[in-house]
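Undergrad:
Protein chains: 2
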Amino acid sequence: MIYELYYWPGIQGRGEFVRLALEQAGAEYRDIALVPEEEGGGVAALVKFLDGADVAHPPFAPPFLKAGRMLIGQTANILLYLGPRLGLVPRDQSGRVWTHQLQLTLADFVVEIHDTHHPIGGGLYYEQQKPQAKRRSRDFLAHRLPKFLGYFERVLERNPDSDEWMVGRELSYADLSLAQVLAGLRYAFPRASREALRACPRLRALHDAVFALPRIRRYVASGRRLAFNKHDIFRRYPELDG
Amino acid sequence: MIYELYYWPGIQGRGEFVRLALEQAGAEYRDIALVPEEEGGGVAALVKFLDGADVAHPPFAPPFLKAGRMLIGQTANILLYLGPRLGLVPRDQSGRVWTHQLQLTLADFVVEIHDTHHPIGGGLYYEQQKPQAKRRSRDFLAHRLPKFLGYFERVLERNPDSDEWMVGRELSYADLSLAQVLAGLRYAFPRASREALRACPRLRALHDAVFALPRIRRYVASGRRLAFNKHDIFRRYPELDG
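Chains A and B supply the protein sequences, listed in that same order.
Sequential numbering of the first sequence, starting at 1, is according to my numbering.
Sequential numbering of the second sequence, starting at 1001, is according to my numbering.
1) At 8 Å on the CB atoms, spell out the chain A contacts of B/M1166, in chain order.
2) Any idea what DSSP makes of A/D31, helix, strand or coil?
3) Could you tell me the alpha carbon to alpha carbon distance between A/A227 and A/P119, rounded to whole angstroms?
4) Decide if the stretch 172-187 of chain A is in contact with the stretch 123-142 of chain A; the criterion is three or more beta carbon pairs, one per stretch, under 8 Å apart.
5) What does the alpha-carbon distance come out to for the pair A/S162 and A/V210?
6) Determine the closest residue to A/L145 out of A/F189, A/Y29 and A/M166, with distance taken between C-alpha atoms.
7) With distances taken Cα to Cα, identify the nearest neighbour of A/D31 among A/L50, A/R204, A/L65 and A/F152.
8) Does B/F1060 get closer than 8 Å to chain A when you measure Cβ to Cβ?
9) Return no unless some Cβ of chain B is closer than 8 Å to the Cβ of A/T116.
10) Taking only beta-carbon positions, decide if B/S1162 is within less than 8 Å of chain A.
11) From the DSSP output, which residues share a beta bridge with A/G73?
12) Buried or exposed, going by whether 16 or more other CB atoms sit within 10 Å of the CB of B/D1092?
13) Counting contacts by CB-CB distance shorter than 8 Å, is A/L46 in contact with chain B?
14) Any chance the stretch 138-156 of chain A sits against the stretch 33-50 of chain A, with 3 or more Cβ pairs inside 8 Å?
15) For B/E1157, which option in A/T116, A/D54, A/S177 and A/Q103 has the closest C-alpha, if you only look at C-alpha atoms?
16) When you compare the CB of A/V18 with every CB in chain B, is at least one pair closer than 8 Å?
17) Examine chain A for any beta-carbon lying closer than 8 Å to the beta-carbon of B/P1201, and answer yes or no.
18) According to DSSP, simplified to helix, strand and coil, what is A/Y125?
19) Using a threshold of 8 Å, state whether the C-beta atoms of A/Y7 and A/H117 are closer than that.
20) Taking buried to mean at least 16 other C-beta atoms within 10 Å of its own C-beta, is B/H1100 buried or exposed?
21) Going by DSSP, what residue range makes up the beta strand (DSSP E) through B/L1005?
22) Under a CB-based cut-off of 8 Å, is B/L1149 close to chain A?
23) Are the beta-carbon atoms belonging to B/V1181 and B/L1102 less than 8 Å from one another?
24) What number of angstroms, rounded off, separates the C-alpha of A/F21 from the C-alpha of B/R1194?
25) In this structure, how does DSSP classify A/Q24 when only helix, strand and coil are distinguished?
26) Check the Cβ-Cβ distances between A/S177 and every residue of chain B, and say whether any is below 8 Å.
27) Alpha carbons only, please: which of A/H231, A/I2 and A/G15 is nearest the one belonging to A/E127?
28) Taking the continuous alpha helix (DSSP H) assigned at B/D1175, which residues delimit it?
29) By DSSP, does A/E170 sit in helix, in strand, or in coil?
30) If you run the structure through DSSP and keep just helix, strand and coil, what is B/K1230?
31) So, with DSSP's three-state summary, where would you put A/S193?
32) Is A/A221 helix, strand or coil when you go by DSSP?
33) Whole-angstrom Cβ separation of B/G1223 and B/A1192, contact assumed at under 8 Å?
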């Protein structure tokens, strides 16, 4: 099956969590964000599914995945579906439920990271909410960042089956997503995340291990992985970095 | 199996989405929030799982569910697990994936509703972020509320198998959660939600149908369902109501 991934062009965004899983599994997929509009890709292709009156299961927002006749929205839901098919989740139910739980906690973390620069409204510009962004970032860096990082460090520490990954013996999609969040934090908050990650040797090792995986390295080197930028979830505004 | 539900005492919160499913299914469960600390309930019982050094799969936050030897966190993940066991989700994979997708979209909606009164930080008091809450609420009521409600109205409209429920022929856990969100919105934003729901006859009908279900009525009348209040996700601050 050739999967089709739909996401906004020009940013990694939440689409990147799905891309990393597809890439690591060596899955065949079309990244519709990279397909020109003239060839049926880009924003026009998204809008057809978001606004089309004949879509039975309309997604609320990208990313969404076309898998045969199924149309699947919500990042964590896409990964829940792909996990067993891509070999990125344990076989046993307990391991699968736990991996999904970790992914949902990462999703919560991502919302809070995003809202550091958009505390008042996602439809407004950053420039329209700078003082509020500063206050929210201060709170985030003081309380939420160490809480989330400490949590995932503990999860790694308590996995009896691996010194490297969060669930069972093997790499899971949640490990890929966690590495992506860490990369994003280092981009957005270089100072504060260096500080916070001092206490988290396992997280630092996981980040490096994921980005050293041959297929992930090849993907990063391919040019298909976009650079972090200021239209994305993770944004580098030095004034917010503690 | 007797399930054990762990959540903060004194509020409905995210625990209520799980309670409604358990109640509607007539499942046996212990609501640990209602058990006194002396009898092993309350906050102390929560903390044992949140902070205990011997918990293999620690939840990041309540609610979490003990189901035999499994400990399951994240509201949507709990419902994903319970759905088939409680008969609150279709049998086919496509219906299950779709129900979970709707639940995750409701979870996103709930975060945005909560953040109307806490745009700067969940650890601060409302009184420390009142002007920001006002601005965020204005943006929420103008843009996000109609967008989310319009989305779920459309989902109901497009379900070919039912005039009442979102997925397939039967009630699902996502319908219960949607009714709870609507009840919460009516409590928090009586004026703005009345206005916004004018265009959403299917949502109004779904709300009424859920709260007319005999088991849900019995639950509401039992005294075990707490009232909405100002420590919860949905809060009535008249100054935020448009």
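Backbone N, C-alpha and C fix where the C-beta goes; we use that ideal spot for every residue, glycine too.
TA: This is what the structure gives:
1) The contacting residues do not exist; B/M1166 stays about 10 Å from chain A at best.
2) Judged by DSSP in its simplified three-state form, A/D31 adopts strand.
3) Our two residues, A/A227 and A/P119, have alpha carbons roughly 24 Å apart in a direct line.
4) Verdict: no, contact absent.
5) C-alpha separation (whole angstroms): 14 Å.
6) Nearest C-alpha to A/L145: A/F189.
7) Cα-wise, what sits closest to A/D31 is A/L65.
8) Chain A has a Cβ within less than 8 Å of the Cβ of B/F1060.
9) So no, A/T116 is outside the interface.
10) Using a CB distance cut-off of 8 Å, B/S1162 does not count as an interface residue toward chain A.
11) According to DSSP, which records beta bridges pairwise, A/G73 is partnered with A/F64.
12) Classification for B/D1092: exposed.
13) Between A/L46 and chain B, the shortest Cβ-Cβ separation is not below 8 Å.
14) Touching, no.
15) For the residues A/T116, A/D54, A/S177 and A/Q103, the minimum Cα distance to B/E1157 belongs to A/D54.
16) Not closer than 8 Å to any Cβ of chain B, the Cβ of A/V18 fails to qualify, so no.
17) Not closer than 8 Å to any Cβ of chain A, the Cβ of B/P1201 fails to qualify, so no.
18) Coil, per DSSP.
19) The beta carbons of A/Y7 and A/H117 sit no closer together than 8 Å.
20) Classification for B/H1100: buried.
21) For B/L1005, the enclosing beta strand (DSSP E) has its first and last residue at Y1003 to Y1006.
22) Chain A contact via Cβ: absent.
23) Cβ distance not < 8 Å, so B/V1181 and B/L1102 don't count as in contact.
24) For clarity, residue 21 of chain A is Ala in the given sequence; the question names Phe instead. Going from the Cα of A/A21 to the Cα of B/R1194 covers about 43 Å.
25) Three-state result, A/Q24: helix.
26) Taking CB atoms only, A/S177 has no neighbour in chain B less than 8 Å away.
27) That would be A/H231, whose Cα lies nearest to the Cα of A/E127.
28) Note, B/D1175: alpha helix (DSSP H), Y1173 to A1188.
29) A/E170 falls in the coil class under three-state DSSP.
30) In the three-state scheme derived from DSSP, where H, G and I count as helix and E and B as strand, B/K1230 is classed as coil.
31) Three-state DSSP puts A/S193 in a helix.
32) DSSP places A/A221 in helix when its eight states are reduced to three.
33) Not confirmed; about 30 Å, so no contact.
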